[in-house]
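Colleague:
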Amino acid sequence: AMIDEGYHPMTVYFPLVVHGAMLVEPTESESKESLDLFIATLRDLAEAAKRGDIERFKQAPRFAPRRRLDETKAAREPKLRWRPEAVQKEAAE
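Last residue of the sequence shown: 94 in the working numbering, with the numbers rising by one and none dropped.
#1: Leaving out five residues before and five after V13 in sequence, what residues of the same chain have Cβ atoms less than 6 Å from its Cβ?
#2: Once you ignore the five residues that flank L46 on each side, which residues in its own chain have a CB closer than 6 Å to its CB?
#3: State the DSSP-derived secondary structure class of A61, mapped to helix, strand or coil.
#4: My understanding is that D5 touches R69, with C-beta atoms under 8 Å, so please give their C-beta distance in whole angstroms.
#5: With a CB to CB cut of under 6 Å and the five nearest residues on each side skipped, what residues in its chain are close to Q10?
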C-alpha cells in the first residue's frame with residue numbers, strides 16, 4: 002500500500018525482538034514537510050487497517066510497473082546478469 006502512496010516500503014524490520022517494528026531512516030536532505038507528509042500517510046494506512054479496509058491492502062500495489070513479484074521464482078532462478086534480449090523476451094510473454 003505504501004507504493005500506491007508514492008513511498009518505497011521499508012526493507013528492514015528492526016529491532017527483531019519487537020514484533021512489527023519498522024526501521025525508517027530518512028536522509029538529511031528530507032524537509033520537515035516531506036517527513037510530516039510521510040507520517041500522515043502512515044497514519045492514514047494504519048487507520049485503514051484498523052477500519053478493516055482489507056481490499057486496499059489485498060490489491061496493493063495497484064500503481065506499479067509490476068503487480069507482485071514472484072519471490073520464489075526469483076530465488077530459484079536468479080538472473081545475475083542483465084541482457085537486453087532477455088528483457089524483451091520476457092516483456093513479450
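No residue lacks a Cβ here, since even glycine has one placed at the ideal position from N, Cα and C. No experiment lies behind these values; they were computed from the predicted model shown.
Modeller: On the basis of the supplied data:
#1: Position 12 of the sequence shown, counted from the start, is the residue given in the question as residue 13. Close CB contacts of V13 within its chain, under the 6 Å cut and outside five residues either way in sequence, are with L24 (chain order).
#2: Walking along the sequence shown from the start, residue 46 turns up at place 45. Excluding residues within five positions, the ones whose Cβ falls inside 6 Å are A2.
#3: Position 60 of the sequence shown, counted from the start, is the residue given in the question as residue 61. Of the three classes helix, strand and coil, the one that applies to A61 here is coil, per DSSP.
#4: As a position in the sequence shown, residue 5 is number 4, starting the count at 1. As a position in the sequence shown, residue 69 is number 68, starting the count at 1. So it is not a contact: roughly 13 Å between Cβ atoms.
#5: Counting from one through the sequence shown, the residue named residue 10 turns up at place 9. What sits at residue 10 in the sequence shown is Pro, not Gln. Correct list, in chain order: M3.
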